[in-house]
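>
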Amino acid sequence: MAAGVAAWLPFARAAAIGWMPVANLPMPVAPAGKNKRQDEMIILNVSGRRFETWRNTLDRYPDTLLGSSEKEFFYNEETKEYFFDRDPDVFRSVLNFYRTGKLHYPRYECISSYDEELAFFGIISEIIGDCCYEEYKDRKRENAERLMDDQEDNKDAKPPNMTCRETMWRAFENPHTSTMALVFYYVTGFFIAVSVITNVVETVPCGTSPNQKEVPCGERYTVAFFCMDTACVMIFTVEYLMRLFAAPSRYRFMRSVMSIIDVVAILPYYIGLVMTDNEDVSGAFVTLRVFRVFRIFKFSRHSQGLRILGYTLKSCASELGFLLFSLTMAIIIFATVMFYAEKGSSSSKFTSIPASFWYTIVTMTTLGYGDMVPKTIAGKIFGSICSLSGVLVIALPVPVIVSNFSRIYHQNQRADKRRAQKMQKARLARIRISKQGTSNAFLHSKRNGLFSEAPEFTQLPYKMNLSEQSSTEEDQRLNKSTSLLESQHHHLLHCLEKTTNHEFVDQQYYQQSYLEAGLQNYPSRSPSLSSRDGVSGTCCTRRSKKQHAPLQNASGPAHMQPLTQVHAHPRGLQELSTIHIQPLSTSRSSLNMRVDEPASLNCQSSQITTAIISIPTPPVTTSDGDAHLRAGPAHQNVVKVSAL
Amino acid sequence: MKSRSQDQSLSDSRELDRSYDPLTGSTADDEELSAVRYRPEGLDPLVQKTNFSRRELQVLYRGFKNECPSGVVNEETFKSIYSQFFPHGDSSMYAHFLFEAFDTRNNGSVTFEDFVVSLSIILRGSITDKLNWAFNLYDLNKDGCVTREEMTEIMHSIYDMMGKYTYPCMEDNAPKEHVDNFFQKMDKNNDGVVTIEEFLETCQKDESIMQSMHMFDSVI
Chain A
1452 MAAGVAAWLP
1462 FARAAAIGWM
1472 PVANLPMPVA
1482 PAGKNKRQDE
1492 MIILNVSGRR
1502 FETWRNTLDR
1512 YPDTLLGSSE
1522 KEFFYNEETK
1532 EYFFDRDPDV
1542 FRSVLNFYRT
1552 GKLHYPRYEC
1562 ISSYDEELAF
1572 FGIISEIIGD
1582 CCYEEYKDRK
1592 RENAERLMDD
1602 QEDNKDAKPP
1612 NMTCRETMWR
1622 AFENPHTSTM
1632 ALVFYYVTGF
1642 FIAVSVITNV
1652 VETVPCGTSP
1662 NQKEVPCGER
1672 YTVAFFCMDT
1682 ACVMIFTVEY
1692 LMRLFAAPSR
1702 YRFMRSVMSI
1712 IDVVAILPYY
1722 IGLVMTDNED
1732 VSGAFVTLRV
1742 FRVFRIFKFS
1752 RHSQGLRILG
1762 YTLKSCASEL
1772 GFLLFSLTMA
1782 IIIFATVMFY
1792 AEKGSSSSKF
1802 TSIPASFWYT
1812 IVTMTTLGYG
1822 DMVPKTIAGK
1832 IFGSICSLSG
1842 VLVIALPVPV
1852 IVSNFSRIYH
1862 QNQRADKRRA
1872 QKMQKARLAR
1882 IRISKQGTSN
1892 AFLHSKRNGL
1902 FSEAPEFTQL
1912 PYKMNLSEQS
1922 STEEDQRLNK
1932 STSLLESQHH
1942 HLLHCLEKTT
1952 NHEFVDQQYY
1962 QQSYLEAGLQ
1972 NYPSRSPSLS
1982 SRDGVSGTCC
1992 TRRSKKQHAP
2002 LQNASGPAHM
2012 QPLTQVHAHP
2022 RGLQELSTIH
2032 IQPLSTSRSS
2042 LNMRVDEPAS
2052 LNCQSSQITT
2062 AIISIPTPPV
2072 TTSDGDAHLR
2082 AGPAHQNVVK
2092 VSAL
Chain B
86 MKSRSQDQSL
96 SDSRELDRSY
106 DPLTGSTADD
116 EELSAVRYRP
126 EGLDPLVQKT
136 NFSRRELQVL
146 YRGFKNECPS
156 GVVNEETFKS
166 IYSQFFPHGD
176 SSMYAHFLFE
186 AFDTRNNGSV
196 TFEDFVVSLS
206 IILRGSITDK
216 LNWAFNLYDL
226 NKDGCVTREE
236 MTEIMHSIYD
246 MMGKYTYPCM
256 EDNAPKEHVD
266 NFFQKMDKNN
276 DGVVTIEEFL
286 ETCQKDESIM
296 QSMHMFDSVI
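If you want it as structure tokens, here you go:
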């Protein structure tokens, strides 16, 4: 129930007057309110800034600091105000929460200071309203990651019991974990660089041979280069094999991009070794050497940026595709036009449309080599249109790709897409929980029997002397845990239950009872019980079995359980009555008891004396307020109780 | 009244404009002009009209104004407020009947005066007044007698508030049986309707009803 409508609770309760003439069962007693105290103004002095509010505004949330008696610790007798030595700016949001029922997160506030204040005042952050929740969570995650980054350097402690294989894999993936890994990282990096440089230098002409022809260094110092190449390939092979060994899933590793690059980088060498003798394929072998340049891609393991670039290109596939497509279209159009425009001129380089492609591409990308130039006027006109449109066509998709890159880069820095999904699930769960909150609160309080009504009620004929004393204690205990508002709201719901002669239950119980109902035929709901021994409905037994232990007298009903249980009229229901219905022995209303009430309420007390059960546990009870109302003459359902 | 064709031709740009609400046919500007800003007449006249004390009226008004800053409650707000107290089931029908009962002037909105006058009857009125009010609530067409159909509707709306998850499982004819029961009790001359006299007579004889009528006296 939102705090905002708490002020309307009196109206809702007044409206319940419509149920009264219709109800057949007597109503429970209303909880007494301490009306005098309600309308008081409280002064909250937070570091010098005074906030004033009504007492019952704060009482709306009894499980927070301000709503409970915890605030008495901060009461200042001389100034008659509550003093808190906290940040007044954040307190503003906290107090607004009480006023409106919605907690907001101010954007200018630091997330950790806000969290501290919330923790101090006993407010959970999950109730932040939807308007501010996303922002709050984002900031919190950022903060957490920042803290985590700082901590990662210290996180060198190896988890114990890692196998050799796992250690190796961890070393490969994360070079900072150990010195060995770092050394390995740098060594492989060095050799990649060496290998690439070797490939490049191989082709540089260095010096002349006696034939007065320039030879590339590769042919001059064949042996040296061969040794270098061998060394590099050996290192790469060893590295690949080690990674293959350490990989948790070898099949997945072999399919990964990096390992394919590794393989492609070293394969030419081995193929070359195998095929040096055969003259025919030596030409092909030379081509294979081109693949050695792929070794440079191995650097992407060493560079985060390269990986992101690759990922960006992959994710921008659609934009790149569009760019390519539009360029192709434009090229074909302009090439055709230029060809036909230049067809007339003599000695034109535009010999065919494919030949014009080259001109169009060079012009559109604003390169303008000048090897092909239009000579006719028409050609020049179309040529200029071509270059102008080229700028446009290329400029359009590029920003998209750039922004994609930037987005992915930041995303990579901060959060995974998976974490975002988890947050969404958590948010939905949170909303569901808060919606269920009010309905659960009622069921929960029912289960714990928080309907204490006896002390005020004087008409109760069966008031136990025992209970009087303890009930006042319980009363006090109760008033601490639920606010008056809550107890009034629960009383209202209780009245509704009485009016309709049905009870609110959990979804679980409902489904259980529904299942059981399906097993047996239950056409009508007439609650009249006939005297019959029989199998107790599984509904109730199950419920009694699930009784929660926290109540000290919860054992009460359990003891009563084995007693005779009257099975309901076959036309009726799963309603059960254990004969321990006398008001004498009611324990703190347990759910089990609640079950019986619709039936039991109509028993005249005299009828029930047939089965008085002595309860082993001394009842620390409050007699159920309903008891007194049994005297009412108008009973719809007559209960015949069987003799035991 | 604008002609149909004019409406059609205007619809495109107005929809784009977003200030036009096709449902009500009014633009956002219109709505603001017609928004009701209602102020109750004053504390003293209200104290005289009702049986509430000054302080109680203050408390009531503060709560009222919080939820309805415009000073009047319309049915939608009424229903949404009421539904917050009954999260399990569907309280909209009962809230609708309540609204009808509160809206004594039948103009679709309840001002603070109407609200407080009705509350005064319910909470501070004599037992006869309260019973009259309850009867008025049941009597949907306000013709002085409660027919079976009216009572069935009321009963359905009450049972709807329980929701689906009840123990024992809610049967379909539960409301009907309850209505039968009610008529059996109230309808003395068995003519199929319950008149105000029959209602008053039966209720005054029934102790538990009498008692429960007094239950909410201390609500404010």
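Protein chains in written order, with my numbering: chain A, 1452 to 2095; chain B, 86 to 305. Every residue gets a Cβ at the ideal spot worked out from N, C-alpha and C, and that includes glycine. The structure displayed is predicted, hence computed values, not measured ones.
Is residue 1498/A buried or exposed, if buried means 16 or more other CB atoms sit within 10 Å of its CB?
For the purposes of this step, residue 1498/A is identified with residue 47 of the first sequence, where counting begins at 1. Label assigned to residue 1498/A: exposed.
> May I have a chain-ordered list of the beta strand (DSSP E) segments no shorter than 3 residues that lie completely inside the segment 1745 to 1771 of chain A?
None, since the segment 1745 to 1771 of chain A contains no complete beta strand (DSSP E) of that length.
> Identify the contact partners of residue 147/B in chain A, using a Cβ-Cβ distance below 8 Å as the criterion.
Working through the second sequence from its first residue, we reach residue 147/B at position 62. Here the neighbours are 1458.
> Compute the minimum distance between the beta carbon of residue 187/B and the heavy atoms of the ligand HEM, and state whether it is under 8 Å.
Ligands are entirely absent from the displayed structure, and the ligand HEM is therefore not among its contents.
> Pairs of beta-carbons, one from the segment 1758 to 1770 of chain A and one from the segment 1835 to 1842 of chain A, closer than 8 Å: are there three or more?
Segments in contact, no.
> In whole angstroms, what is the alpha-carbon distance linking residue 1859/A and residue 1851/A?
Translated into positions along the first sequence, residue 1859/A becomes position 408. Translated into positions along the first sequence, residue 1851/A becomes position 400. C-alpha separation (whole angstroms): 12 Å.
> 9 Å is my cut-off, CB to CB: does residue 133/B come that close to chain A?
To locate residue 133/B, count along the second sequence from 1; it is residue 48. Closer than 9 Å: no.
> Within a Cβ cutoff of 8 Å, which residues of the same chain sit near residue 1754/A, ignoring the five residues on either side of it in sequence?
For the purposes of this step, residue 1754/A is taken as residue 303 along the first sequence, with counting starting at 1. For residue 1754/A, where only same-chain residues beyond five positions count, there are no Cβ hits under 8 Å.
> Can you give me the start and stop residues for the alpha helix (DSSP H) that residue 1493/A sits inside?
Position 42 of the first sequence holds residue 1493/A. Unbroken run through residue 1493/A is the beta strand (DSSP E), 1492 to 1497; no alpha helix (DSSP H).
> Rounded to whole angstroms, what is the Cα-Cα separation between residue 132/B and residue 167/B?
Position 47 of the second sequence, counting from 1, holds the residue named residue 132/B. Position 82 of the second sequence, counting from 1, holds the residue named residue 167/B. Looking at the two C-alpha atoms, the distance is approximately 26 Å.
> Start and end of the beta strand (DSSP E) containing residue 157/B?
If you number the second sequence from 1, residue 157/B lands on position 72. Looking at the DSSP string, the run of the beta strand (DSSP E) that includes residue 157/B is 157 to 159.
> Give a yes or no on whether the minimum CB-CB distance between residue 1491/A and chain B is below 9 Å.
Within the first sequence, the letter at position 40 stands for residue 1491/A. No, no contact with chain B.
> Work out the CA separation of residue 258/B and residue 180/B for me, nearest whole Å.
Numbered from 1 along the second sequence, position 95 holds the residue referred to as residue 180/B. Numbered from 1 along the second sequence, position 173 holds the residue referred to as residue 258/B. So the two alpha carbons sit approximately 22 Å from each other.
> Bridge partners of residue 1656/A, per DSSP?
Position 205 of the first sequence, counted from the start, is the residue given in the question as residue 1656/A. For residue 1656/A, which the question treats as bridged, DSSP gives the partners 1667/A.
> Identify the continuous beta strand (DSSP E) that holds residue 1504/A and give its terminal residues.
Along the first sequence, one-based indexing puts residue 1504/A at 53. From DSSP, the beta strand (DSSP E) with residue 1504/A extends over 1500 to 1505.
> For residue 225/B, collect the residues of the same chain with a Cβ closer than 6 Å to its Cβ; drop the 5 residues on either side in sequence, then sort them by chain order.
Position 140 of the second sequence, counted from the start, is the residue given in the question as residue 225/B. So the list reads 235, once near-sequence residues are dropped.
> Could you tell me which of 1571/A, 1543/A, 1824/A and 1552/A sits nearest to residue 1560/A, measuring between CA atoms?
On the first sequence, residue 1560/A is found 109 positions in, with the first residue counted as 1. Answer by Cα proximity: 1543/A.
> 9 Å is my cut-off, CB to CB: does residue 173/B come that close to chain A?
By 1-based counting over the second sequence, the position of residue 173/B is 88. Yes, residue 173/B counts as interfacial toward chain A.
> Identify, in the order they occur along the chain, each residue of the same chain with its Cβ nearer than 7 Å to the Cβ of residue 61/B, setting aside the five sequence neighbours on each side.
It is not possible to answer for residue 61/B, since the shown part of chain B is limited to 86 through 305.
> Smallest Cα separation from residue 1471/A: which of 1961/A, 1950/A, 1957/A and 1960/A?
Your numbering for residue 1471/A matches position 20 in the first sequence. Ranking the options by Cα distance to residue 1471/A, first place goes to 1950/A.
> Determine the direct distance from the alpha carbon of residue 1639/A to that of residue 1687/A, and round the result to whole angstroms.
For the purposes of this step, residue 1687/A is taken as the residue at position 236 of the first sequence. For the purposes of this step, residue 1639/A is taken as the residue at position 188 of the first sequence. Whole-angstrom Cα-Cα distance: 8 Å.
> Starting from the beta carbon of residue 1960/A, find every residue of chain B whose beta carbon is closer than 7 Å, and list them in chain order.
Numbered from 1 along the first sequence, position 509 holds the residue referred to as residue 1960/A. Ordered by position in chain B, the residues that pass the 7 Å Cβ test against residue 1960/A are 252.
> Under 9 Å, do residue 1574/A and residue 1548/A count as touching if we go by C-beta distance?
Working through the first sequence from its first residue, we reach residue 1574/A at position 123. Working through the first sequence from its first residue, we reach residue 1548/A at position 97. Their beta carbons are under 9 Å apart, which means residue 1574/A touches residue 1548/A by this criterion.
> Near residue 292/B, what residues of its chain come up, given a Cβ to Cβ distance below 6 Å and the 5 sequence neighbours on each side ignored?
Residue 292/B sits at position 207 when you count from the first residue of the second sequence. There are no such residues.
> Shortest alpha-carbon distance to residue 302/B belongs to which of 1720/A, 1698/A, 1581/A and 1481/A?
Counted from its first residue, the second sequence places residue 302/B at position 217. The candidate whose alpha carbon is nearest that of residue 302/B is 1481/A.
> How about residue 1965/A: is its C-beta nearer than 9 Å to some C-beta of chain B?
For the purposes of this step, residue 1965/A is identified with residue 514 of the first sequence, where counting begins at 1. Yes, residue 1965/A lies at the interface with chain B (some Cβ there is under 9 Å from its Cβ).
> Quickly, what does DSSP pair residue 230/B with across the bridge? List them, please.
For the purposes of this step, residue 230/B is taken as residue 145 along the second sequence, with counting starting at 1. In the DSSP assignment, residue 230/B is bridged to 280/B.
> List the residues of chain A whose Cβ lies closer than 7 Å to the Cβ of residue 244/B, in chain order.
As a first step, residue 244/B must be located in the second sequence, where it is residue number 159. Chain A residues near residue 244/B: 1951.
> Output, in chain order, the set of chain A residues within a Cβ distance shorter than 9 Å of residue 298/B.
Within the second sequence, the letter at position 213 stands for residue 298/B. Within chain A, the residues near residue 298/B are 1468, 1471 and 1472.
> Check whether the segment 1783 to 1799 of chain A touches the segment 1809 to 1827 of chain A, counting contact only when three or more Cβ pairs, one atom from each stretch, lie closer than 8 Å.
yes
> Cα separation between residue 1565/A and residue 1938/A?
One-based indexing of the first sequence puts residue 1565/A at position 114. One-based indexing of the first sequence puts residue 1938/A at position 487. So the two alpha carbons sit approximately 32 Å from each other.
> Taking Cβ positions, are residue 1721/A and residue 1680/A nearer each other than 9 Å?
Sequence index remark: in the first sequence, residue 1721/A carries index 270 (1-based). Sequence index remark: in the first sequence, residue 1680/A carries index 229 (1-based). For residue 1721/A and residue 1680/A, no; Cβs fall outside 9 Å.
> What residue does the alpha helix (DSSP H) around residue 1617/A start on, and which one ends it?
Residue 1617/A sits at position 166 when you count from the first residue of the first sequence. Element bounds for residue 1617/A: 1615 to 1624.
> As a quick exercise: from 163/B, 172/B and 122/B, pick the residue whose alpha carbon is nearest that of residue 248/B.
For the purposes of this step, residue 248/B is taken as the residue at position 163 of the second sequence. That would be 172/B, whose Cα lies nearest to the Cα of residue 248/B.
> Could you tell me whether the segment 1500 to 1508 of chain A touches the segment 251 to 265 of chain B, using the rule of 3 or more Cβ pairs below 8 Å?
They do not touch, by the three-pair rule.
> By a C-beta neighbour count over all protein chains shown, 10 Å radius and 16 as the cutoff for buried, is residue 1807/A buried or exposed?
Looking up residue 1807/A in the first sequence gives position 356. Classification of residue 1807/A: buried, given that the 10 Å Cβ count is 16 or more.
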